[in-house]
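Worksheet for the structure shown next.
2 protein chains.
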Amino acid sequence: MKGAAGVMRQKIFEILLEESDYISGEEISERLGVSRTAVWKHIKALKEDGYQIEAVPRKGYTLKNRVDKLLKTEITAELQTIKWSKDNIYTYGSVDSTNIIAKKFAAEGKPEGTFVIAEEQTKGKGRMGRDWSSPYGKGIWFSFILRPEILPVRASEITFVISVGIREGIKRYTGKDVKIKWPNDILLDQKKIVGILTEISAEIERINYIVAGIGINANQDLEDFPEELQQKATSLKICTSKEIDRNKLLRFIIEELEKMYITYVEKGFAEILSIWEKHNITLGKRVKAVTFDSEINGLAEKIDEQGYLVIKDDQGKEHKVVAGDVSLRREDGSYI
Amino acid sequence: MKGAAGVMRQKIFEILLEESDYISGEEISERLGVSRTAVWKHIKALKEDGYQIEAVPRKGYTLKNRVDKLLKTEITAELQTIKWSKDNIYTYGSVDSTNIIAKKFAAEGKPEGTFVIAEEQTKGKGRMGRDWSSPYGKGIWFSFILRPEILPVRASEITFVISVGIREGIKRYTGKDVKIKWPNDILLDQKKIVGILTEISAEIERINYIVAGIGINANQDLEDFPEELQQKATSLKICTSKEIDRNKLLRFIIEELEKMYITYVEKGFAEILSIWEKHNITLGKRVKAVTFDSEINGLAEKIDEQGYLVIKDDQGKEHKVVAGDVSLRREDGSYI
Numbered sequence: 000m001k002g003a004a005g006v007m008r009q010k011i012f013e014i015l016l017e018e019s020d021y022i023s024g025e026e027i028s029e030r031l032g033v034s035r036t037a038v039w040k041h042i043k044a045l046k047e048d049g050y051q052i053e054a055v056p057r058k059g060y061t062l063k064n065r066v067d068k069l070l071k072t073e074i075t076a077e078l079q080t081i082k083w084s085k086d087n088i089y090t091y092g093s094v095d096s097t098n099i100i101a102k103k104f105a106a107e108g109k110p111e112g113t114f115v116i117a118e119e120q121t122k123g124k125g126r127m128g129r130d131w132s133s134p135y136g137k138g139i140w141f142s143f144i145l146r147p148e149i150l151p152v153r154a155s156e157i158t159f160v161i162s163v164g165i166r167e168g169i170k171r172y173t174g175k176d177v178k179i180k181w182p183n184d185i186l187l188d189q190k191k192i193v194g195i196l197t198e199i200s201a202e203i204e205r206i207n208y209i210v211a212g213i214g215i216n217a218n219q220d221l222e223d224f225p226e227e228l229q230q231k232a233t234s235l236k237i238c239t240s241k242e243i244d245r246n247k248l249l250r251f252i253i254e255e256l257e258k259m260y261i262t263y264v265e266k267g268f269a270e271i272l273s274i275w276e277k278h279n280i281t282l283g284k285r286v287k288a289v290t291f292d293s294e295i296n297g298l299a300e301k302i303d304e305q306g307y308l309v310i311k312d313d314q315g316k317e318h319k320v321v322a323g324d325v326s327l328r329r330e331d332g333s334y335i
Numbered sequence: 000m001k002g003a004a005g006v007m008r009q010k011i012f013e014i015l016l017e018e019s020d021y022i023s024g025e026e027i028s029e030r031l032g033v034s035r036t037a038v039w040k041h042i043k044a045l046k047e048d049g050y051q052i053e054a055v056p057r058k059g060y061t062l063k064n065r066v067d068k069l070l071k072t073e074i075t076a077e078l079q080t081i082k083w084s085k086d087n088i089y090t091y092g093s094v095d096s097t098n099i100i101a102k103k104f105a106a107e108g109k110p111e112g113t114f115v116i117a118e119e120q121t122k123g124k125g126r127m128g129r130d131w132s133s134p135y136g137k138g139i140w141f142s143f144i145l146r147p148e149i150l151p152v153r154a155s156e157i158t159f160v161i162s163v164g165i166r167e168g169i170k171r172y173t174g175k176d177v178k179i180k181w182p183n184d185i186l187l188d189q190k191k192i193v194g195i196l197t198e199i200s201a202e203i204e205r206i207n208y209i210v211a212g213i214g215i216n217a218n219q220d221l222e223d224f225p226e227e228l229q230q231k232a233t234s235l236k237i238c239t240s241k242e243i244d245r246n247k248l249l250r251f252i253i254e255e256l257e258k259m260y261i262t263y264v265e266k267g268f269a270e271i272l273s274i275w276e277k278h279n280i281t282l283g284k285r286v287k288a289v290t291f292d293s294e295i296n297g298l299a300e301k302i303d304e305q306g307y308l309v310i311k312d313d314q315g316k317e318h319k320v321v322a323g324d325v326s327l328r329r330e331d332g333s334y335i
């Protein structure tokens with residue numbers, strides 16, 4: 000579903016959604032200024048997406064259901080964004096990786112706020128080239144494009160924007176006190192529910208684009224996770240004991256991401272950092288940071304103005320960490 | 000000319016180059032363990048590249064000329080690299096942009112030291128999305144891949160490595176005292192002879208790859224430059240009053256780039272910076288720095304350990320600049 004055809008299909012869907020009664024193909028075609036054949040084709044495509052649309056002679060069409068697949072129609076029907084356009088939301092069934100598609104879109108010039116969403120990734124990637132499991136229908140696997148006008152050395156600020164945005168979206172949906180572990184792990188019940196992979200394309204003096212790949216564990220049951228992950232990862236369904244309406248949750252997340260991004264652009268990093276600090280569980284804790292050339296143990300003291308985590312070791316020496324794996328020591332001596 | 004076929008063609012060319020006398024197709028086929036038909040096909044391809052290869056019955060083949068097109072055969076025949084493989088050098092006639100091809104290669108996993116070289120770019124790009132003129136046969140337009148194991152926040156260090164490497168290559172070929180203007184303009188006679196565009200693909204905590212696009216003004220005459228550039232840009236031919244052997248120059252540059260890169264990896268940034276400082280014309284001068292959100296006038300004081308240029312303004316305040324346009328005030332008040 001692309002371009003103008005996608006926009007028209009969305010409009011037809013929204014008319015069907017608004018109308019509690021039957022509406023004729025003729026009226027739809029008049030309202031939207033397209034042929035009745037076009038209307039019929041779009042209705043057919045909506046049916047293929049899983050919508051039951053009843054057609055009664057002389058009365059017209061009526062929509063009988065909503066669909067719980069990740070569909071542009073579902074996500075955008077009630078989406079309220081300020082600058083980001085609904086038209087730049089793309090939904091897919093199975094893809095290799097939403098980041099690969101989003102990077103291609105970004106290289107082609109697609110704007111900020113372009114979202115690539117899939118039911119399944121066959122080659123989902125996590126940080127540092129690790130695999131990221133993205134089974135069909137269980138999670139929300141998506142990537143989106145940002146084009147901040149900042150120097151590339153400040154790119155790590157964007158990971159804070161993304162984590163507070165996603166945190167707010169999940170909080171709004173679940174009502175739960177979602178936590179953030181530095182740099183951008185999103186936790187519920189001390190277990191990971193979201194993975195974030197931020198990729199940057201840049202020159203030395205400007206960012207061409209940022210593509211953030213997000214994996215949200217939504218409707219997995221405990222047995223859907225491999226045994227070695229069951230202590231570390233969880234899903235929103237497990238935490239809330241309810242099936243998650245992924246389209247609604249994703250809508251909330253898109254809206255909150257945009258809000259936080261606008262806050263960042265208009266008010267700067269300090270504002271984002273203060274929101275992040277309220278919800279983080281890293282600062283003030285004993286941590287172990289493993290970077291590619293060192294291991295640091297000490298107290299997570301603060302985030303500096305560049306977004307670095309400052310760790311004070313037992314000799315009182317301060318270390319700055321920009322990224323890497325940071326584990327928190329639990330009271331029982333184990334690590335989150 | 001790609002992969003195994005390219006390697007074989009190169010070997011046949013090098014045999015012809017070594018042999019002062021005729022050499023039979025049979026002997027070539029025996030030495031290299033390929034069929035005589037294959038030998039004949041490669042000879043034919045070499046002729047299409049512009050080589051005159053005389054074939055005399057019962058005597059064999061002999062090479063009558065060298066070719067001044069940018070050809071893999073010419074560049075690599077005498078190339079002496081340490082880690083970078085000759086097999087990863089790709090030459091083309093006209094391309095849209097060598098950076099686009101090199102980025103595609105990098106995303107596919109091609110290694111460090113992969114070079115993409117063209118006679119002409121139809122969509123050559125400079126920094127900040129500016130156009131870069133790359134007319135057919137006049138310059139050396141190329142891009143190459145690096146994969147340094149450093150944090151992305153240190154990427155600007157690589158621009159120093161690249162500028163000293165290119166500077167050494169041109170120095171070795173011309174014997175002239177080539178200068179560097181911060182961050183990475185290469186100058187002869189106070190005019191620009193090289194443009195460098197460094198593009199980075201990264202996560203927050205690691206670099207996937209760097210692609211550096213290089214444009215060297217080699218054989219342009221003054222009238223080849225648009226009038227508005229004649230005061231700012233020049234070519235090696237204009238500066239040396241000699242036609243430039245572009246293949247030889249590029250060979251020197253590849254060798255010196257590799258040397259500097261190995262120095263950087265093994266000895267660190269400080270070593271590169273001290274070489275850079277010897278040849279730079281920025282430090283100690285009055286400069287005007289225009290970044291995307293400010294203009295700073297003052298004394299170019301030093302490069303700090305992160306590669307930032309430190310400018311002290313007339314109030315004694317220090318400003319750090321990571322990139323941007325920095326102009327030097329000449330004695331007559333004009334700017335380089």
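Chains as they are written, first to last, in numbering that gives the first Met the number 0: chain A, 0 to 335; chain B, 0 to 335.
Backbone N, C-alpha and C fix where the C-beta goes; we use that ideal spot for every residue, glycine too.
As the structure is a computational prediction, the values presented were derived from the model and not from experiment.
Secondary structure at Lys-236 (chain B): helix, using DSSP grouped into helix, strand and coil. Between the region 175-190 of chain B and the region 241-253 of chain B, the count of Cβ pairs shorter than 8 Å is below three; the stretches do not touch. The CB of Thr-158 (chain B) comes closer than 9 Å to the CB of Ile-203 in chain A, given here in chain order.
Taking CB atoms only, Met-259 (chain B) has no neighbour in chain A less than 8 Å away. Closer than 8 Å to the CB of Ala-105 (chain A) there is not a single CB belonging to chain B. About 6 Å separates the beta carbons of Ile-157 (chain B) and Pro-147 (chain B), which is inside the 8 Å limit, making them a contact pair.
Beta-bridge pairing by DSSP links Leu-145 (chain A) to A:Ile-209. When only Cα atoms are considered, Ile-261 (chain B) and Ala-101 (chain B) end up about 21 Å apart. In this structure, Phe-251 (chain B) sits near Arg-171 (chain B), with a CB-CB distance shorter than 8 Å. For Arg-126 (chain A), at least one C-beta of chain B is nearer than 8 Å to its own C-beta.
Taking 8 Å as the cut-off, the beta carbon of Thr-281 (chain B) is found no closer than this to the beta carbon of Ala-269 (chain B).
Counting only residues of its own chain and dropping the five nearest sequence neighbours on each side, Trp-83 (chain A) has a CB closer than 6 Å to the CB of Gly-112 and Glu-257. Of all alpha-carbon atoms in A:Glu-304, A:His-278 and A:Ile-310, the one lying nearest the alpha-carbon of Ser-293 (chain A) is that of A:Ile-310. With the rule of 3 Cβ pairs closer than 8 Å, the region 193-213 of chain B counts as touching the region 197-204 of chain A. Here Asn-279 (chain A) carries a strand assignment [DSSP, helix/strand/coil].
Beta-bridge annotation (DSSP): Ile-14 (chain A) is not paired with any residue. Within chain A, the residues whose beta carbon sits less than 8 Å from that of Glu-198 (chain B) are Ser-200, Ala-201, Glu-202 and Asn-207, listed in sequence order. Judged by DSSP secondary structure, Asn-296 (chain B) falls within the beta strand (DSSP E) whose first and last residues are 294-302. Nearest Cα to Lys-68 (chain B) within the set B:Arg-35, B:Asn-218 and B:Thr-61: B:Asn-218.
Judged by their CB atoms, Ile-295 (chain B) and Val-320 (chain B) are nearer to each other than the 8 Å cut-off.
In the three-state reduction of the DSSP assignment, Asp-312 (chain B) falls in the coil class. Ala-37 (chain A) sits in a helix when the DSSP states are folded into three classes. Of the candidates A:Lys-284, A:Tyr-89, A:Gln-51 and A:Arg-129, A:Tyr-89 places its Cα closest to the Cα of Pro-110 (chain A).
Cβ contact annotation for Gly-194 (chain B) (same chain, cutoff 7 Å, sequence separation greater than five): Gly-125, Trp-131 and Gly-214, in chain order. When Cβ-Cβ separations below 8 Å define contact, Pro-151 (chain B) makes contact with chain A. Residues of chain B whose Cβ lies closer than 8 Å to the Cβ of Ala-269 (chain A) do not exist, since the nearest Cβ in that chain is about 17 Å away. Non-local beta-carbon contacts of Met-259 (chain B) in its own chain, meaning distances under 6 Å to residues more than five positions away in sequence, involve Val-160, Val-163 and Gly-164 in chain order. Put simply, the CB of Ser-155 (chain A) is near chain B, with a gap under 8 Å to one of its CB atoms. Residue pairing for Asp-184 (chain A): DSSP places it in a beta bridge opposite A:Lys-180. Pairwise C-beta distances place the region 137-147 of chain A out of contact with the region 172-181 of chain A, as fewer than three of them are shorter than 8 Å.
Around the C-beta of Gly-136 (chain A), fewer than 16 other C-beta atoms lie within 10 Å, and the residue is accordingly described as exposed. Secondary structure at Asp-331 (chain B): coil, using DSSP grouped into helix, strand and coil. Around the beta-carbon of Ala-211 (chain A), 16 or more other beta-carbon atoms lie within 10 Å, marking it buried. Annotation for Val-163 (chain B): the continuous alpha helix (DSSP H) segment containing it runs 155-173.
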